[in-house]
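Engineer:
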Amino acid sequence: MTVLRVAQMIPDTEAEGPGRRFALWVQGCTLRCPGCCNPEMFAPDRGGEILQAAHLAQRVLETPGIEGLSVLGGEPFEQPRAVAEVCRAVRAGGRSVMVYSGYTLEELRAMRSDEVEALLQEIDLLADGRYEQGNPERRRRWLGSANQRLHFFSARYREDDPRFFLPNTVELRLAGGKLTINGWPAAADAFRRR
Ligand code: SF4
Numbered sequence: 613m614t615v616l617r618v619a620q621m622i623p624d625t626e627a628e629g630p631g632r633r634f635a636l637w638v639q640g641c642t643l644r645c646p647g648c649c650n651p652e653m654f655a656p657d658r659g660g661e662i663l664q665a666a667h668l669a670q671r672v673l674e675t676p677g678i679e680g681l682s683v684l685g686g687e688p689f690e691q692p693r694a695v696a697e698v699c700r701a702v703r704a705g706g707r708s709v710m711v712y713s714g715y716t717l718e719e720l721r722a723m724r725s726d727e728v729e730a731l732l733q734e735i736d737l738l739a740d741g742r743y744e745q746g747n748p749e750r751r752r753r754w755l756g757s758a759n760q761r762l763h764f765f766s767a768r769y770r771e772d773d774p775r776f777f778l779p780n781t782v783e784l785r786l787a788g789g790k791l792t793i794n795g796w797p798a799a800a801d802a803f804r805r806r
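Read in order, the letters of the sequence shown are residues 613 to 806 in the working numbering.
(1) Out of I735, R775 and E734, point me to the one whose CA is closest to W754's CA.
(2) Is the CB-CB distance between E749 and A758 below 8 Å?
(3) Which residues bound the beta strand (DSSP E) around L636?
(4) R617: beta carbon under 7 Å from a heavy atom of ligand 1?
(5) Tell me, please, whether the segment 682 to 689 touches the segment 646 to 664 by the rule of three or more beta-carbon pairs shorter than 8 Å.
(6) Taking the alpha carbon of Q691 as the point to measure from, which residue in I735, N747, A722 and T614 has its own alpha carbon closest?
(7) Could you round the C-beta distance between L663 and L616 to whole angstroms and report it? I think they count as a contact, below 8 Å.
(8) Going along the chain, which unbroken runs of the beta strand (DSSP E) with 3 or more residues stay wholly within the segment 695 to 771?
(9) What's the gap between the Cα of C699 and the Cα of P656?
(10) Determine, using beta carbons only, whether G714 and R742 come nearer to each other than 8 Å.
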C-alpha cells in the first residue's frame, strides 16, 4: 500500500493548468523558495492528510468532466513513488497529468533515481524550476516566475494550444467557513491597483 502526504485538493478547477482539472497539492518541500505562496506546505508532517495512492487515483477518475490531474506543492518529486502511482492510474484511465516541480528537469535527471524517472514517465506536461520572487512571469500562463519552463512530454499538449495564451485566472471558494484561493493573478500588480 503506497501512501501520499496531501496538503489540499480541489476536485474541479480551471486555474491550475489546461482545461478543467483535479488539483492535488502534496505536503512537504525542502526547497523553500523565498516568497513561496504555500509555506504551510513546507514541513512534511504539518497538517494535511495521509491518503492511499490508489484511492486518490480512483477519486480523480470518478470526478466527472475533468480533463486531467495537476499535481502541485509542496514538492511532488519528494514523494515520487506515491505520486507516480497516482499519475499512472490517472493516465491509464484516459486523463492527462500535469506536474509542477521546483527542481529543474536537469536536476531531476541528475538524481539518477528510478523512482524519479518512473514519475517523469507518467507526466504529459511538466512545469519546472524554483519560484523566483524577483523575477515574476508576466506573459505565460500558469507559471509563477520567468525562469520556469514547460516541458511537453507527450502529444496530449502542444505549445501552440490557444489555451496557453489566455489570461491567468484566480478562483475563490467559500466552503465550511473556510476561504480558499487558487490560481494565478494576471500580473503581480493586479491586486495592488485595487
Ligand atoms: S518548490 Fe514550490 S512549494 Fe517548494 S518552496 Fe519553491 S515554490 Fe514553494
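Glycine included, every Cβ here is placed at the ideal spot set by N, Cα and C.
Structural biologist: By the coordinates alone:
(1) Taking the sequence shown and counting its residues from 1, the one referred to as residue 754 is at position 142. The candidate whose alpha carbon is nearest that of W754 is R775.
(2) Walking along the sequence shown from the start, residue 749 turns up at place 137. Walking along the sequence shown from the start, residue 758 turns up at place 146. Yes, the Cβ-Cβ distance between E749 and A758 is below 8 Å.
(3) Translated into the one-based positions of the sequence shown, residue 636 becomes position 24. L636 -> beta strand (DSSP E) spans R633 to V638.
(4) Taking the sequence shown and counting its residues from 1, the one referred to as residue 617 is at position 5. Not one heavy atom of ligand 1 sits closer than 7 Å to the Cβ of R617.
(5) They touch, by the three-pair rule.
(6) Residue numbering aside, residue 691 sits at position 79 when the sequence shown is read from its first letter. Checking every option, the nearest Cα to that of Q691 belongs to T614.
(7) Residue mapping note: residue 663 aligns to position 51 of the sequence shown, counting from 1. Residue mapping note: residue 616 aligns to position 4 of the sequence shown, counting from 1. Contact between L663 and L616 is confirmed by a C-beta separation of about 6 Å, below the 8 Å threshold.
(8) Within the segment 695 to 771, the complete beta strand (DSSP E) runs of at least 3 residues are 708 to 712, 737 to 740 and 761 to 764.
(9) Mapped onto the sequence shown, residue 699 falls at position 87. Mapped onto the sequence shown, residue 656 falls at position 44. Using only the alpha carbons, I get a separation of about 20 Å.
(10) One-based indexing of the sequence shown puts residue 714 at position 102. One-based indexing of the sequence shown puts residue 742 at position 130. A distance below 8 Å separates the beta carbons of G714 and R742.
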